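Heads up: the sequence lines are chains A and B, in that order.
In terms of our numbering, the first sequence is residues 1 to 458.
In terms of our numbering, the second sequence is residues 1 to 458.
Here a beta-carbon is modelled for each residue, glycine too, at the ideal position from N, C-alpha and C.
Quick caveat, the model's predicted, so the values are computed rather than measured.
So the structure is just underneath, and the comments pick up after that.
2 protein chains.
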Amino acid sequence: MSVDSVLARIDSSLPDSLERLKELLRIPSISTDPAYKDACDKAADWLVADLQSMGVTAEKRPTPGHPMVVGHIDGPGPHLLFYGHYDVQPVDPLDLWDNDPFDPQVEDTSKGKILRGRGTADDKGQLMTFVEACRAWIAEHGSLPCKITFFFEGEEESGSPSLVPFLKENAAELKADIALICDTGLFDSRVPAITTMLRGMLQEEITITGPTRDLHSGMYGGAAMNPIRVLNRILAALHDDQGRVTIPDFYDGVPEIPADVLQQWEALGFDHKAFLGDVGLSDLAGEAGRSALEMIWSRPTCEINGIGGGYQGEGFKTVLPSKASAKISFRLVGQQDPHAIRDSFRQMVTDLTPKDCTVAFKGHGASQASVMSIDNPAFEQARVALSAEWPDEAAFIGSGGSIPVAGYFQTLLGTESMLIGFGKDDDQIHSPNEKYDIESFHKGARSWARILDALTRT
Amino acid sequence: MSVDSVLARIDSSLPDSLERLKELLRIPSISTDPAYKDACDKAADWLVADLQSMGVTAEKRPTPGHPMVVGHIDGPGPHLLFYGHYDVQPVDPLDLWDNDPFDPQVEDTSKGKILRGRGTADDKGQLMTFVEACRAWIAEHGSLPCKITFFFEGEEESGSPSLVPFLKENAAELKADIALICDTGLFDSRVPAITTMLRGMLQEEITITGPTRDLHSGMYGGAAMNPIRVLNRILAALHDDQGRVTIPDFYDGVPEIPADVLQQWEALGFDHKAFLGDVGLSDLAGEAGRSALEMIWSRPTCEINGIGGGYQGEGFKTVLPSKASAKISFRLVGQQDPHAIRDSFRQMVTDLTPKDCTVAFKGHGASQASVMSIDNPAFEQARVALSAEWPDEAAFIGSGGSIPVAGYFQTLLGTESMLIGFGKDDDQIHSPNEKYDIESFHKGARSWARILDALTRT
């Protein structure tokens, strides 16, 4: 079975592929917000129908949260497990979007054509690169060169609460020779990448309560404790002047990267001035003495993702509020234990809370970092295939993001994962005006066709 | 003209007075929010019509913001200027109200009957105590014992931007022998009070901008500066460990209260454990070594009234936001200069902002503290009149709140103000479930009748 005719078909059917992707993007499947539960369900239904239209035996599988989509199609070669997620991030602040986030449009830009909308890059557009590669392969050859299991999640953006139980219950069905995960990026627009190091994640929400009700700052100000002031002091204490996180034992299990690996990263010529300059910044904000790639790929972080308390509307209100809260997430590396860090964080916050206030904690996701073993020959086969599609040689890289599913595939299915994706740094995922380059979508599908070919060539 | 028949009429017409007050309370005149501009206008119209129904020559007077209401009625004795405000605070968080804030209801409580709703205590209910006293007086005697000018503002809760120009333009018309301001409280439910010290106010809003757009904390976290972290460090630096404000020169012009005044305050037997206990607190949060009354009446404060940044919705979003902002207000005392403190605050914030971030300032209200001169015999006449109405002797007290109009009357009209009001500490002004005791409303109107009598008796 030749890959050339598949590539040609991917080229000729690009307009149709884009229309299909737009249909999926129009479904506002925001998993973290209960108001969009029906939309998540609808996105799952759309994927089931789309897989079925290609001859895949697919179904929606219920969970206590949003459903999983599982599809199987038989073939002669190895068994591949393909993972993507159909849920998306919230879209606020909505007024910073140039168009409706759920009415995707193709735009011409100075860097080429793009598709703009929530989920274009994270992860519906990426997910569909693989689906479109399979569709073209089946259209050309009547069948696939290997057995493929499609596995699409609907809770990736909300901490994947149903993922581990689902994998445990369905391990025999989902176990494969290798997993392909499409939720990462290119190294840059010329250099494709296989991501082999991913940071873990810990998410915590804290609420400080002072007075039992909002107070008038004239009547009580000066005498009564303000929970925003307490919260500020706690959050300001989480980093020292050198950018290091101060939570006790936070750095336990954080490895120093070997000198030869640091040299390889150095050789990638990453331009941190350009990276930060794209978003209006110029100075590295992390630990003093570390390079940008170290900060992003191999060092843990503590970030405040949201804070709120008191009056935030137009004008002014001299209120002394009852409550103030913050959402804090940690990116973890190496052997850092998210549960130990959660305990240590909560103890530190509790210790910093004056006895007149109370603190309530709400835990969200928690996952360890993961490091892929690239001994499996599939890694080098995929790297060569990617290099054939893109201008420059593909690289093995780290990633600052957290894709816990790779670790779960390892531990619960015994399946190693290859993380290959086509996102770019300026895709604005999780932000207003998210986009995905048409080139990413098009060459992404072509890349998967080449990888399928490479992994199944006898 | 006897006051006894006026008091009897106030008693018998209480049900009608309450219905009138409820009508005014149903108008949602939130001055700080432009969405309620028409409601503010409507409240002014209602007051004009109500004054006219009593024979007062009243009209709505335009300003660049919400209108003023001015009414005159002639009489033989001295000329009194009565001030109240018809605008109210916002009502959020709305879900903490037990009923619709703009559908006022009388409730029976263990402490007696109350009227619940936004503006009941601050300031529509208080304003109407004076109007009802005048109405009853006119109904009994056909005229008032003195000339009265009614002056109602609609921007008190939003920094009074139009007040100073209006007073300057209309000084000749508004100048009186003494001003009566009804926007303060009783000392406690037995002890009425004339407030002779008021704190000033400075309001500032700051917005820190880091990256030009919201970022993904996986892709940028660790390398890019998070504006929430910057904001937290700035706000946490505003107080030291002893509760003192750290802004350079902040305490310039703050007087130490003389020992004999502190002794008078001590003699009032203020129970700070009960005061804080009512709102679920137990410890004084202000400067170490100061009493509660000192903290509230005679010490300046710095309070964060609102903070916001990043994702505050349900669930979690691992965003590294572009902006974070806070609303900060200062209560000022003695000779503290709000403009000098604004400059010093802005300089300190600017100095604490890393060069990769920008800070934008928005100034809201700024007013100096005011201290009344009680040499005018009207103060002692009013004190005796109040003492006749309430269980215990009336007291001259300080207040933690800011009522800049008293200072403006002093400097722009040359008119001294007596601040007399009937609010209680548990009225929850500026908070959900604001209320005003029926006793405050009823005995408030009776108090004004007695004060009118005392000030005009020959």
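Item, Value
"Is K175 of chain B closer than 8 Å to G414 of chain B when the C-beta atoms are compared?", "yes"
"Between D87 of chain A and chain B, is there a C-beta pair that is closer than 8 Å?", "no"
"What in chain A is Cβ-close to S282 of chain B, meaning under 7 Å?", "D356"
"List the residues of chain A whose Cβ lies closer than 9 Å to the Cβ of I296 of chain B, in chain order.", "G218, M219, Y220, G221, G222 and A223"
"Interface residues of chain A around S402 of chain B at Cβ under 7 Å?", "G218"
"Name the DSSP bridge partner or partners of F150 of chain B?", "B:G71 and B:F82"
"Using the Cβ count rule (16 or more neighbours within 10 Å means buried), how would you classify D241 of chain A?", "exposed"
"Determine whether the Cβ of Q428 of chain A lies closer than 8 Å to any Cβ atom of chain B.", "yes"
"In whole angstroms, give me the CA-to-CA distance for T456 of chain A and K60 of chain A.", "28 Å"
"On the premise that T318 of chain A lies in contact with N226 of chain B, defined as a C-beta separation below 8 Å, what is that separation, rounded to the nearest angstrom?", "That pair is no contact at about 28 Å."
"Please report the straight-line C-alpha distance between I234 of chain A and L293 of chain B, rounded to a whole angstrom.", "28 Å"
"Please report the straight-line C-alpha distance between S143 of chain B and R135 of chain B, rounded to a whole angstrom.", "9 Å"
"Who are the neighbours of Q312 of chain B on chain A, taking C-beta pairs under 7 Å?", "G306 and G308"
"Can you grab the Cα-Cα spacing for the pair T209 of chain B / S322 of chain B, in whole Å?", "6 Å"
"Do three or more CB pairs link the region 416-427 of chain A to the region 184-196 of chain A at distances below 8 Å?", "yes"
"For E107 of chain B, write down the residues that DSSP places opposite it in a beta bridge.", "B:I114"
"Count the other CB atoms, across all protein chains shown, that sit within 10 Å of the CB of P404 of chain A; report buried if there are 16 or more and exposed otherwise.", "buried"
"Can you tell me which of B:G222, B:L115 and B:V70 puts its alpha carbon nearest to the alpha carbon of D100 of chain B?", "B:L115"
"When the Cα atoms are used, what is the spatial distance from I374 of chain B to L386 of chain B?", "16 Å"
"In whole angstroms, give me the CA-to-CA distance for W46 of chain B and E157 of chain B.", "19 Å"
"Name, please, each residue of chain A whose Cβ falls closer than 9 Å to the Cβ of G159 of chain B.", "G315 and F316"
"Are the C-beta atoms of G210 of chain A and some chain B residue less than 8 Å apart?", "yes"
"Could you tell me whether the Cβ of Q126 of chain B comes closer than 8 Å to any Cβ of chain A?", "no"
"With 9 Å as the C-beta to C-beta threshold (strictly closer), list the residues of the region 89-101 of chain B near chain C in chain order.", "Within the model displayed, chain C is absent; protein chains A and B are what it includes."
"Let me know the secondary structure DSSP gives S5 of chain A once reduced to three states.", "helix"
"Given that H339 of chain B touches chain A, what residues does it touch there, using C-beta distances under 7 Å?", "Result: empty, since nearest Cβ-Cβ is about 17 Å, beyond 7 Å."
"What residues from chain A crowd round Q214 of chain B, counting only those whose CB sits closer than 9 Å?", "Strictly speaking, residue 214 of chain B in this sequence is Asp, with Gln absent from that position. Here the neighbours are P93, L96, Q428, H430, S431 and P432."
"State the CB to CB distance for the pair I206 of chain A and A326 of chain A, rounded to an integer number of angstroms; the pair is presumed to be in contact (CB under 8 Å).", "6 Å"
"Short check: CB of R20 of chain A to CB of M128 of chain A, under 8 Å?", "yes"
"P34 of chain A to L419 of chain A, Cα distance in whole Å?", "30 Å"
"Cβ atoms of M54 of chain B and E153 of chain B: under 8 Å apart, would you say?", "no"
"Is the region 430-440 of chain B touching the region 360-379 of chain B in the sense that three or more CB pairs, one from each, lie closer than 8 Å?", "no"
"Can you give me the C-alpha to C-alpha distance between A470 of chain B and D343 of chain A, rounded to a whole angstrom?", "For chain B, the structure presents residues 1 to 458; residue 470 of chain B sits outside this window and is missing."
"Between the alpha carbons of S459 of chain B and L215 of chain A, how many angstroms are there, rounded?", "No answer is possible for residue 459 of chain B: the residues shown for chain B start at 1 and end at 458."
"Measure the alpha-carbon distance for L281 of chain A versus G221 of chain B and round it to whole angstroms.", "13 Å"
"Closer than 9 Å by beta-carbon distance: list the chain B residues that pair up with H239 of chain A, in chain order.", "R229 and R233"
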